[in-house]
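Note sheet for the following structure.
Written out as structure tokens, the structure is:
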């Protein structure tokens with residue numbers, strides 16, 4: 056609903072004009088249905104793509120985790136030395152920022 060305020064001082068009240076048409080034609084109904092169908096198809100396709108990507112990421116993370124676990128079991132000294140070096144570097148970075 057649109058309200059029109061008059062600038063004329065002689066007019067004592069505001070006039071309200073309803074600019075919406077209460078009826079929807081067949082073209083509007085068809086357009087609404089087409090838009091709804093398109094939105095459903097698009098959201099379904101997006102959901103399928105997201106599920107495929109999530110599945111691929113899950114498989115890659117599992118593979119990397121298994122490789123890291125195997126490395127840690129086969130070479131524990133290198134793993135401990137790497138963790139120690141990473142801790143020292145992080146500690147130096149934190150101290151430098153202070």
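Residue numbers (my numbering): 56 to 153. Using N, Cα and C, we set each Cβ at its ideal position, and we do this for glycine too.
Could you have a look at residue 153 and say whether DSSP puts it in helix, strand or coil? Here residue 153 corresponds to residue number 98 of the chain shown, with the count starting at 1. In the structure shown, residue 153 sits in coil (DSSP, three-state: anything other than H, G, I, E or B).
Cβ atoms of residue 127 and residue 117: under 7 angstroms apart, would you say? The residue labelled residue 117 in the question sits at position 62 within the chain shown. The residue labelled residue 127 in the question sits at position 72 within the chain shown. Going by C-beta atoms, residue 117 is not nearer than 7 angstroms to residue 127.
Run through DSSP, which three-state label would residue 130 get? Numbered from 1 along the chain shown, position 75 holds the residue referred to as residue 130. Coil.
Determine the direct distance from the alpha carbon of residue 94 to that of residue 104, and round the result to whole angstroms. Working through the chain shown from its first residue, we reach residue 104 at position 49. Working through the chain shown from its first residue, we reach residue 94 at position 39. Near 15 angstroms, if we compare the C-alpha coordinates of residue 94 and residue 104.
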